[in-house]
Amino acid sequence: MKLTAKPGKGEKIHLSLDGEYIATVNADYWFTCGIKSGSEVTPEQLEELLTESARRKMMNKALDLLSLRDYSRRELSDKLVTKAWEKKEQKDMDLGSLKQQASDICDRLEELGLLNEERFARSYVDELIRRKHLSRSGLRTALIQKGVQRDIIETVLEEVDVDPVEQIRELLETKFKTRDLSDEKQKTRTVNALLRLGYRYNEIHAAMGDQLEDE
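In numbering that gives the first Met the number 0, the protein residues as written are 0 to 214.
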């Protein structure tokens, strides 16, 4: 099988096998892999080249993402697989192989301390409390949706020191400040919105005081 290389845009090198396109690799990798354009390659050599190229691309993407913010393991893995699948730079891509590759990369990033689920969970909880004033129940749901492990969720939530009644009062003074709570419809809408954020009725009652007494 003859492997040929053709320069693409930027740092891309397009590879063809016996005249048929099969993949795109990074120029840095191509010029150091030990294979020259026009060389005869074995199936084993080709598989090794393509696998290593895909691994490097995925690792670089992971590092780019982590340079912007922390991620949960599942969130990062899903994003890496989705990006690789959408690009389809390798002709015969297998979804199962991509998922395994993403898992291996996440393992390595955890070993290096670059991917840390507990650190992500703490950062995400702080953000949700600051921006959305979520209740403890709402925080738990949000972390579960991000794929954070249950034991980490419980550890992080044990550290949360917020007064739900004060959080509700702050929401009433900010997000819901235009609501007229003397109006039955608007009061009901506000209570339902707070319940959806994970607050309990007794906490809402305590925050709204006698405004709920007539219900």
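We put the CB at the ideal spot given by N, CA and C, even for glycine.
Bear in mind that the values here come from a model prediction, so they are computed numbers and not experimental data.
Contact annotation: Thr-189 and Arg-178 have beta-carbon atoms nearer than 7 Å. A Cβ-Cβ separation of about 12 Å leaves Val-159 out of contact with Arg-129 under the 8 Å criterion. Per DSSP, Val-24 lies in no alpha helix (DSSP H) segment; the continuous beta strand (DSSP E) that holds it begins and ends at 19–25. Of Ser-66, Ala-83, Asp-63, Glu-110, the smallest CA-CA separation from Gln-99 is found for Ala-83.
Within 10 angstroms of the beta-carbon of Asn-115 lie 16 or more other beta-carbons, which makes it buried.
Here Lys-176 carries a coil assignment [DSSP, helix/strand/coil]. Taking a C-beta distance under 7 Å as the contact criterion, Met-58 and Ile-12 do not qualify as a contact pair. In the three-state scheme derived from DSSP, where H, G and I count as helix and E and B as strand, Thr-3 is classed as strand. Residue pairing from DSSP places Ile-12 in a beta bridge opposite Pro-6, Val-24.
Cβ-Cβ distances below 6 Å link Gly-137 to Leu-196, Gly-197 in the same chain, with the five nearest sequence neighbours on each side left out; the list follows chain order.
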